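To start, the structure itself, in structure tokens.
Protein chains in written order, with the working numbering: chain A, 73 to 755; chain B, 10 to 255.
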């Protein structure tokens, strides 16, 4: 040993104590390193897969157990941004293991789409990549879109299906409420294809309001519209007495004279309110089918009638008698955009009907309204309030411009980040509850908020929420071919002389033509191809219903023979379908032989009588139109093509496509064309 | 014990051993010092140190612990890089994959994260220890400066790593951080633009931070750590205060 190597303080052997420290620390390290793989091994999804196999084993499903592939199951769809691992636990979505009723092994109800084409979260929300129950289903610190409650599930459909969708009634109703409650007057709701929802509530202009009603009525109405008419769509702005008085003062002050105000109406029959007259008036109200659009509360308190026009239960407390007579005489001279047809009633009818309506009165309604005379101050304040409240977003008002971007854009409200949402105290922190609460009672979020309270039932709130939850940013990023646009409303209007007449009759309030118009009555787009000229003339002279189960029919508009000819000529020549195949129908193939074969097909092979009536004595079909005089009504070409492919002409028709062979369709047409009205009979 | 010792001596005299450790067998001081000097990894260190410097109380092993966390970070960081794409929005989805499907992915991430926190803490502790023991004084003043640069690198590594998960926390942290950089007089905007590769925190910023975090900063740190250790030898070993005579 050289002297550099003299023993220093370094020890070559550890002491016992150091060995113990070393062992303990090593053990702790080993255990902590073992925790990670152990956590992986005891993960929830493995547990569920094991219990699935256990259940399958108990049921003696050897094939199920053998064919089961363990491990993480995932659906990965790059173009939709879907990474869903739900199937790692929900292993029985296909229902291979029959009767497993406990989640996560329940069978999925019939699905409109394939799982591997859309995954789970596109409809259900939740966190698809997650593999633990808590993370996948609920809101966590890093995930704000928990599973959607089942009642909002249809919002998933609405991301791609932008129009009405069969099987999604809540979504459809919600979308139509957005239009019919006038939500989209203030809020912009744009769909991924660029379609912007349009209002469908037709709010009346207030530019000549002083002719129509009194300041007292306006005051009572704006304070609580539903007090006047339970079915009113106008929301409650929760105005205080002073504000309501000022607004009513301004509305009366801004009113100008309408073009109709000059015409004097005679009050012929109102002087004699005999019992006879009241029966006659009620009959006229019924025969004019006012109740197709207007509702009246009956003695039992139920609303009877449609909702296209305002409720008339207390109309006598509202309108000025002179105005009502002018209105019944020609509505569009007061409100050019009204959906009410010009009925062409004579003076006697106007008097009868106005008398009938004015009697619909609630004497208590305005009994307690006493307003101080309007001062200039009050009018000025009213104008300011009208601008602030946003009345002009819906109503046309003299001197107040419609506000732009008055309310938040709701285009992407269905994926609004919760961080941007201000919740009311005590609310559940999730988006569906927030939207529903906002619709149900907007002012509960703070007294200064402008959104009024709409009269909506709980189910309507849910429907609106469903429609709004469909407005996601996810949908905005979908491939374009997935987006299924709804039927866009066009701005088609018939032209020329007949067009002006049809405008005057407001055909489009009930009928749709070329994608524009209402849905109360049949679509007339191809009516010219469908019906025979003489039948249409007769129908316009005296409309009756074609469907045996329907009482409602088209009102009679008192048209002159000239007007009927104009309209009929126009419809039969303009509304022709280019899809109609006119080739295979030689008149001589529709012979008696063919008709005989057709009758066989009608009654035996296709059982048409289950929906249609060809013979009043024997048939009981009440679903489709009666066919007893169809030979007078429809053209053979239309009948033939219609039978072959009904939904090519009317996509929403209930009539099934039987995929008839050419000769079958021909024979059936021949049979149907023999069904003609008896000479002299109307039907 | 004796047989183990002789077996080891046998191993040391094989050709393979001798080609790798060229100092030869034997345990003389010459051999020992040659063993250190001829090894690229060891030659940075002193051939001889005071045994006092190896005691816990001398350094509390803070520098060595810092180095250990750095090694853990490199090892786990490389593993994490196998699962990570520095792109928007895949970066966040990769975090979710680590959380939900990668075997022990959460453990890996947590190990990286806690080691990073520990490293920042240990670096500070190391500096305080050096400062209060007076080890920054000449001749070690240069190594102190290198240490300050290493502190900066540690903080920058920590900061750049913070953006990579691409969640709200990281997004806003970097937004705030880059806005602080913008507050620099005259050229604040340019500094921020350079940092983010644009005017806001987006895909460019993510890529920049990724490259800084995984390539530039670690390489610089390794280089400076090398210099740091080499300077210890050059400055006469670890600073060990004289033992007070009782």
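Where a beta carbon is used, it is the ideal one built from N, C-alpha and C, also for glycine.
Since the model is a prediction, treat every value here as computed from it, not as a measurement.
Three-state secondary structure (DSSP) of residue i
{"i": "residue 294 (chain A)", "result": "helix"}
{"i": "residue 212 (chain A)", "result": "strand"}
{"i": "residue 213 (chain B)", "result": "helix"}
{"i": "residue 185 (chain A)", "result": "coil"}
{"i": "residue 525 (chain A)", "result": "strand"}
{"i": "residue 233 (chain A)", "result": "strand"}
{"i": "residue 241 (chain B)", "result": "helix"}
{"i": "residue 603 (chain A)", "result": "strand"}
{"i": "residue 47 (chain B)", "result": "coil"}
{"i": "residue 11 (chain B)", "result": "helix"}
{"i": "residue 112 (chain A)", "result": "helix"}
Short CB-CB distance (under 8 Å) between residue i and chain A
{"i": "residue 224 (chain B)", "result": "no"}
{"i": "residue 100 (chain B)", "result": "no"}
{"i": "residue 81 (chain B)", "result": "no"}
{"i": "residue 105 (chain B)", "result": "yes"}
{"i": "residue 113 (chain B)", "result": "yes"}
{"i": "residue 129 (chain B)", "result": "no"}
{"i": "residue 110 (chain B)", "result": "yes"}
{"i": "residue 176 (chain B)", "result": "yes"}
{"i": "residue 140 (chain B)", "result": "no"}
{"i": "residue 158 (chain B)", "result": "no"}
CA-to-CA distance, residue j to residue i, given in whole angstroms
{"i": "residue 87 (chain A)", "j": "residue 95 (chain A)", "result": "12 Å"}
{"i": "residue 191 (chain A)", "j": "residue 165 (chain A)", "result": "12 Å"}
{"i": "residue 667 (chain A)", "j": "residue 174 (chain A)", "result": "59 Å"}
{"i": "residue 304 (chain A)", "j": "residue 566 (chain A)", "result": "32 Å"}
{"i": "residue 157 (chain A)", "j": "residue 218 (chain B)", "result": "31 Å"}
{"i": "residue 462 (chain A)", "j": "residue 280 (chain A)", "result": "19 Å"}
{"i": "residue 453 (chain A)", "j": "residue 398 (chain A)", "result": "32 Å"}
{"i": "residue 245 (chain A)", "j": "residue 278 (chain A)", "result": "29 Å"}
{"i": "residue 486 (chain A)", "j": "residue 115 (chain A)", "result": "33 Å"}
{"i": "residue 559 (chain A)", "j": "residue 233 (chain A)", "result": "11 Å"}
{"i": "residue 593 (chain A)", "j": "residue 242 (chain A)", "result": "23 Å"}
{"i": "residue 38 (chain B)", "j": "residue 81 (chain B)", "result": "34 Å"}
{"i": "residue 177 (chain B)", "j": "residue 159 (chain B)", "result": "29 Å"}
{"i": "residue 226 (chain A)", "j": "residue 240 (chain A)", "result": "6 Å"}
{"i": "residue 343 (chain A)", "j": "residue 358 (chain A)", "result": "Residue confidence is low: residue 343 (chain A) scores 48 on pLDDT, short of 50, so the model does not pin down where it sits. Its coordinate-derived value is still stated next. Spanning the two alpha carbons is a distance of roughly 22 Å."}
{"i": "residue 213 (chain B)", "j": "residue 93 (chain B)", "result": "16 Å"}
{"i": "residue 738 (chain A)", "j": "residue 674 (chain A)", "result": "12 Å"}
{"i": "residue 74 (chain B)", "j": "residue 164 (chain B)", "result": "17 Å"}
{"i": "residue 142 (chain A)", "j": "residue 537 (chain A)", "result": "39 Å"}
{"i": "residue 327 (chain A)", "j": "residue 584 (chain A)", "result": "34 Å"}
{"i": "residue 190 (chain B)", "j": "residue 198 (chain B)", "result": "8 Å"}
{"i": "residue 672 (chain A)", "j": "residue 682 (chain A)", "result": "14 Å"}
{"i": "residue 294 (chain A)", "j": "residue 432 (chain A)", "result": "20 Å"}
{"i": "residue 71 (chain B)", "j": "residue 131 (chain B)", "result": "6 Å"}
{"i": "residue 525 (chain A)", "j": "residue 507 (chain A)", "result": "14 Å"}
{"i": "residue 255 (chain A)", "j": "residue 308 (chain A)", "result": "13 Å"}
DSSP beta-bridge partners of residue i
{"i": "residue 369 (chain A)", "result": "A:375"}
{"i": "residue 197 (chain A)", "result": "A:219"}
{"i": "residue 585 (chain A)", "result": "A:588"}
{"i": "residue 156 (chain A)", "result": "A:147"}
{"i": "residue 262 (chain A)", "result": "A:268"}
{"i": "residue 469 (chain A)", "result": "A:472"}
{"i": "residue 391 (chain A)", "result": "A:285"}
{"i": "residue 308 (chain A)", "result": "A:525"}
{"i": "residue 556 (chain A)", "result": "A:233"}
Any C-beta of chain B under 8 Å from that of residue i
{"i": "residue 86 (chain A)", "result": "no"}
{"i": "residue 548 (chain A)", "result": "no"}
{"i": "residue 112 (chain A)", "result": "yes"}
{"i": "residue 544 (chain A)", "result": "no"}
{"i": "residue 197 (chain A)", "result": "no"}
{"i": "residue 250 (chain A)", "result": "no"}
{"i": "residue 203 (chain A)", "result": "yes"}
Where in the segment 654-737 of chain A do unbroken runs of the alpha helix (DSSP H), each at least 4 residues long, occur, reported from the N-terminal end onward? Segments of the alpha helix (DSSP H) lying fully in the segment 654-737 of chain A: 664-672, 702-705, 708-716, 718-721.
Entirely within the segment 406-461 of chain A and at least 4 residues each: give me those alpha helix (DSSP H) ranges in chain order. For the segment 406-461 of chain A, whole alpha helix (DSSP H) runs of length 4 or above, ordered along the chain, are 419-430, 448-461.
Go through the segment 78-116 of chain B residue by residue and report every complete run of the alpha helix (DSSP H) that reaches 4 residues or more, in order. As far as the segment 78-116 of chain B is concerned, its whole alpha helix (DSSP H) runs of at least 4 residues are 99-109.
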